[in-house]
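These protein sequence lines map, in sequence, to chains A, B and C.
Residue 75 in numbering that gives the first Met the number 0 sits at position 76 of the first sequence, and the numbers go up by one each step.
Residue 105 in numbering that gives the first Met the number 0 sits at position 106 of the second sequence, and the numbers go up by one each step.
Residue 101 in numbering that gives the first Met the number 0 sits at position 102 of the third sequence, and the numbers go up by one each step.
Glycine included, each C-beta is placed from N, C-alpha and C at the ideal position.
Below you'll find the structure, written out as structure tokens, and then a few comments.
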Amino acid sequence: MTDVPAELRSGRFDHVVDVRDVVVVLGAFPALAGVSLTVDRGEIVLLSGPNGAGKTTLLRACAGLVPIERGHASVLGLDVSTERDAVRRHVGLIGHHNGLYSDLSVAENVRFWGSTVGASSAEIATAMQRMGLDGRLSDLPVARLSAGQRRRTALASLVARRASLWLLDEPHAGLDAEGRDELDSVLRAAAAAGATIMVASHELERAGSLATRHVRVVAGQVVPVSGGAA
Amino acid sequence: MLRTAKTIAAKDLRIELRSRVIANQVIPFAALVMILFAFALDSDAVLERVAPGLVWLATIFSVFFIVARSFALETADGALEALRAAGVDPMGIFLGKTLALATQLIALEAVLVGASVVLYRADVSASGGVLLVTTAILATVGLASVGTLYGGLAAGAKGRETLLPLLLLPVVAPVLIGATRATESAFGTNGIDVSEGWPWLGLLAVFAVLFSVVGAVAFGPLVDD
Amino acid sequence: MTTRVARDRVTGTPFTRGLGIVTIAGIVWLVIFGLFVTPADVNQGETVRIMYAHVPGAWLAYLAFIVTALSSAMYLWRRTRSLTWDRIAGASAEIGVLFMGISLVTGSLWGRLTWGTFWTWDARLTTTAFLFVTYIGYLAVRNLGGTHHQRARRSAVLALLAVLEIPLVHFSVEIWNSLHQEASVAGNTDVTMDGLMLFTLFLGVIVFTLMYVWMLLHRQRALTLEDMLDDTGLDRALAARRTEAGVS
């Protein structure tokens with residue numbers, strides 16, 4: 000499903016995500032004060048930590064969305080600062096917003112995102128199916144969906160776009176217990192199929208059930224968690 | 000890039016078809032502006048003279064709303080940022096949104112010209128009609144390009160409701176001037192002959208070409224982080 | 000020790016101090032010549048003296064605009080990308096707005112006194128007014144926030160767009176006026192100038208240019224200090240954040 004993109008297969012890179020001593024400044028505030036982290040293919044890494052710690056900024060830095068003041072970051076072997084557009088094409092970031100058009104249906108949204116990379120209707124159908132969105136839901140306007148369904152629509156767009164690295168910021172927020180379980184099983188399936196996933200979340204219970212690794216972010220830095228290497 | 004543009008234009012127009020914001024709100028607004036002008040100026044002779052200017056004035060006021068709407072639907076759920084985050088070609092985004100904007104504008108102008116013919120008793124001959132259509136097309140391309148460019152700049156910015164008109168008004172002045180003069184000839188107001196309108200199309204064409212090219216290039220850097 | 004620190008915090012240098020003195024001397028000279036020494040105009044009488052402030056003011060407004068555009072281009076050009084260009088552009092725009100305001104007001108007054116109207120829609124005046132509004136928009140965009148480079152990039156693109164737009168506006172108003180003969184009469188600023196008046200006019204242009212350079216240097220340095228303040232704040236905040244996490 001989300002195999003390493005052909006154009007990158009020939010290139011060598013050690014880690015899907017490779018962040019070294021990265022400093023990110025927002026306005027005058029050092030959101031990331033020197034962060035180092037590596038993530039490998041198929042991992043689901045949980046970033047936990049208090050509000051304002053820098054989890055969101057770390058995700059955005061890996062997505063090439065915030066300028067890196069100092070340090071170095073690469074995704075799939077592509078430098079985040081100099082090869083931003085290439086990085087962005089392979090990365091999917093879903094945060095507080097889902098990036099959906101509320102007047103369009105689920106199918107239309109997924110089809111739209113798929114067509115930005117020229118995905119075939121088969122790929123789009125597959126994407127929707129993997130997220131449990133085929134059937135009754137597919138023609139409903141997004142405005143009428145529950146929070147969990149919208150999340151899954153956003154994830155379906157990532158699949159349709161063939162993103163290899165998924166960066167999810169508080170994906171469980173606003174979901175009921177059933178929604179959360181659905182989300183987790185979908186994410187686990189995606190990682191098993193080759194996607195690399197980083198999840199920022201307050202919910203420490205997820206550490207065991209969802210994540211393969213747990214990293215704690217505090218005050219703009221990564222703090223090692225016992226039992227795992229950062 | 001062209002595929003991106005088509006996808007985005009189609010998406011924008013589909014949303015409009017679904018939500019009908021422009022059709023149900025902006026076009027009535029523009030028609031209302033025309034009617035209010037008629038009340039304010041209260042003299043058939045004056046109205047006939049200024050009808051061409053009023054059509055384009057009402058159009059330009061409406062551009063603010065259409066552009067604002069075009070980018071509001073992008074910022075509501077972070078879609079524009081998601082598009083840029085996905086590495087979608089900004090030139091394609093620009094062209095797509097400009098195309099959609101232009102389509103909506105043409106629909107608006109058709110209504111306004113019709114309204115002016117009815118309200119202000121404007122008179123259009125066959126050759127005047129050709130001039131009118133050409134004017135509308137060229138002016139629309141210019142307005143749509145500039146609107147998308149500055150709309151992208153102001154999207155999500157604080158004070159954007161007032162920032163957008165502040166930035167756009169000086170820029171669209173040449174379009175207002177050119178389109179008004181050309182429309183005057185098309186309507187035959189003040190005894191101006193249709194043939195005098197064609198040179199103004201040169202101005203409109205320059206503006207349209209200039210800003211669509213520049214817009215395509217400048218849009219990416221402007222909306223990027 | 001303290002003197003060196005104090006010197007770092009001001010924007011004056013020996014050069015600007017010298018420049019300032021020369022400028023003040025020039026202003027005094029201009030005032031004397033403009034108000035007293037030069038003769039009144041044959042047609043306009045004493046009101047022609049406004050010209051000595053109005054024309055240089057307009058000249059400066061356009062010079063400032065060109066400087067903003069050029070610095071913006073320099074910032075965007077990859078090889079010379081440096082925030083100094085961005086600050087020059089911003090400082091020049093601020094001064095340009097000031098001089099444009101002066102030019103528009105003095106021009107209005109002059110028009111009122113000489114031809115009885117505050118305003119006329121000739122190409123030059125209209126373009127100046129539009130440039131004024133465009134610049135206010137530019138300054139508004141500069142204050143939208145974000146990192147220094149974000150601000151620089153946005154404003155630079157905007158400034159270059161203005162370079163396109165202003166000739167278009169000028170051009171369209173000019174064609175419009177050439178077809179409608181009405182507006183041309185009041186726009187007639189022909190003043191029969193004798194040698195002394197011409198000299199004073201040039202003096203005015205030079206003095207205003209010196210004023211502009213002086214203000215630009217100071218304002219650009221002040222902007223640099225502001226940006227430096229942001230950065231120093233950053234280093235301090237970085238250190239604070241590190242200790243906060245118990246990592247140094």
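If you run the structure through DSSP and keep just helix, strand and coil, what is residue i?
i, result
"T161(B)", "helix"
"P225(B)", "Only positions 0 to 224 of chain B appear in this structure, which leaves residue 225(B) out of reach."
"L103(A)", "coil"
"D275(B)", "An answer regarding residue 275(B) cannot be provided, because it is not within the stretch 0 to 224 covered by chain B."
"A71(A)", "Just to set this straight, residue 71(A) is His in the shown sequence, not Ala. If DSSP states are grouped into helix, strand and coil, H71(A) belongs with the strands."
"T37(A)", "strand"
"F111(A)", "helix"
"R19(B)", "coil"
"A192(A)", "coil"
"L139(A)", "coil"
"P29(A)", "strand"
"E93(C)", "helix"
"L166(B)", "helix"
"L59(C)", "helix"
"D193(C)", "coil"
"Y119(B)", "coil"
"G186(C)", "Because G186(C) sits at a pLDDT of 46, beneath the cut-off of 50, its placement in the model cannot be relied upon, and the following sentence gives the value as read from the coordinates. Three-state DSSP puts G186(C) in coil, outside helix and strand."
"T3(B)", "helix"
"E225(C)", "helix"
"G87(B)", "One detail in the question is off: residue 87(B) reads as Val in this sequence, not Gly. Coil, per DSSP."
"P166(C)", "helix"
"T1(A)", "Here T1(A) scores only 47 on pLDDT, less than 50, and its place in the model should not be relied on; the value that follows carries that caveat. Reduced to three states, the DSSP call for T1(A) is coil."
"E181(C)", "Here E181(C) scores only 46 on pLDDT, less than 50, and its place in the model is too uncertain to base an answer on."
"F14(C)", "helix"
"L174(A)", "coil"
"E42(A)", "coil"
"G227(A)", "Note that G227(A) has pLDDT 43, beneath the 50 cutoff, so the model's placement of it is unreliable and the number below is only indicative. Looking at G227(A) - three-state DSSP - the assignment turns out to be coil, as it is neither helix nor strand."
Tell me, which residues are paired with residue i by DSSP?
i, result
"S47(A)", "R215(A)"
"I93(A)", "L167(A)"
"D40(C)", "G44(C)"
"D78(A)", "S73(A)"
What residue range does the beta strand (DSSP E) around residue i cover?
i, result
"T195(A)", "T195 to A199"
"R77(C)", "Careful: R77(C) lies outside any beta strand (DSSP E) and carries neither H nor E."
"V86(A)", "No beta strand (DSSP E) contains V86(A), which is instead part of the alpha helix (DSSP H) from R83 to H89."
"V24(A)", "V16 to L25"
"Q220(A)", "Q220 to V222"
Taking the alpha helix (DSSP H) that residue i falls in, what are its first and last residues?
i, result
"F238(B)", "As shown, chain B starts at 0 and ends at 224. That puts residue 238(B) outside it, with no answer to give."
"V62(B)", "D43 to T74"
"A118(A)", "Here A118(A) belongs to no alpha helix (DSSP H), and DSSP marks it neither H nor E."
"T119(C)", "T119(C) -> no alpha helix (DSSP H), and no H or E assigned at all."
"P27(B)", "I26 to L40"
"P66(A)", "No alpha helix (DSSP H) contains P66(A), which DSSP labels as neither H nor E."
"R160(A)", "First-last for R160(A): undefined, no H or E at that position."
"T146(C)", "From DSSP, T146(C) is part of no alpha helix (DSSP H); its letter is neither H nor E."
Within this structure, are the beta carbons of residue i and residue j separated by less than 8 Å?
i, j, result
"S137(A)", "A106(A)", "yes"
"Y100(A)", "I14(B)", "yes"
"A125(B)", "A178(B)", "no"
"L75(C)", "A139(C)", "no"
"L100(B)", "I65(B)", "yes"
"Y61(C)", "G203(C)", "no"
"V141(A)", "T125(A)", "no"
"A210(A)", "E169(A)", "no"
"R297(C)", "A30(A)", "This structure cannot speak to residue 297(C), because chain C is shown only from 0 to 247."
"A122(C)", "E173(C)", "yes"
"I21(B)", "I92(B)", "no"
"I43(A)", "I196(A)", "yes"
"A78(B)", "F186(B)", "no"
"T37(A)", "D20(A)", "no"
"R150(C)", "R141(C)", "yes"
Scan the stretch 85–96 of chain B for residues whose Cβ lies nearer than 7 Å to a Cβ of chain A and list them as they occur along the chain. A85, G86 and V87
Contact set between the stretch 67–100 of chain C and chain B, restricted to residues whose Cβ is under 9 Å from the partner: L75
Contacting positions in the stretch 62–87 of chain B - beta carbon closer than 8 Å to chain A: L72, A75, D76, G77, A78, E80, A81, L82, R83, A84, A85, G86 and V87
Selection of the stretch 189–221 of chain A by Cβ proximity to chain C, strictly under 8 Å: V217, A218, G219 and Q220
Quick one: which residues of the stretch 9–29 of chain B get their C-beta closer than 8 Å to a C-beta of chain A? List them in chain order. K10, R13, I14, R17 and S18
Note down, in chain order, all residues in the stretch 138–149 of chain C with a beta-carbon under 9 Å from any beta-carbon belonging to chain A. G144, G145, T146, H148 and Q149
Below 8 Å between beta carbons is the criterion; list the residues of the stretch 157–189 of chain B that meet it against any residue of chain C, in chain order. K157, G158, L162, L165, L166, L168, P169, V170, A172, P173, I176, G177 and R180
Check each residue of the stretch 130–141 of chain B: if its Cβ is closer than 7 Å to any Cβ of chain C, include it; give the result in chain order. Taking 7 Å as the Cβ-Cβ cut-off against chain C, none of the residues of the stretch 130–141 of chain B qualify.
Would you list, in chain order, the members of the stretch 104–126 of chain A that have their beta-carbon closer than 8 Å to a beta-carbon of chain B? E107, F111, W112, S114, T115 and G117
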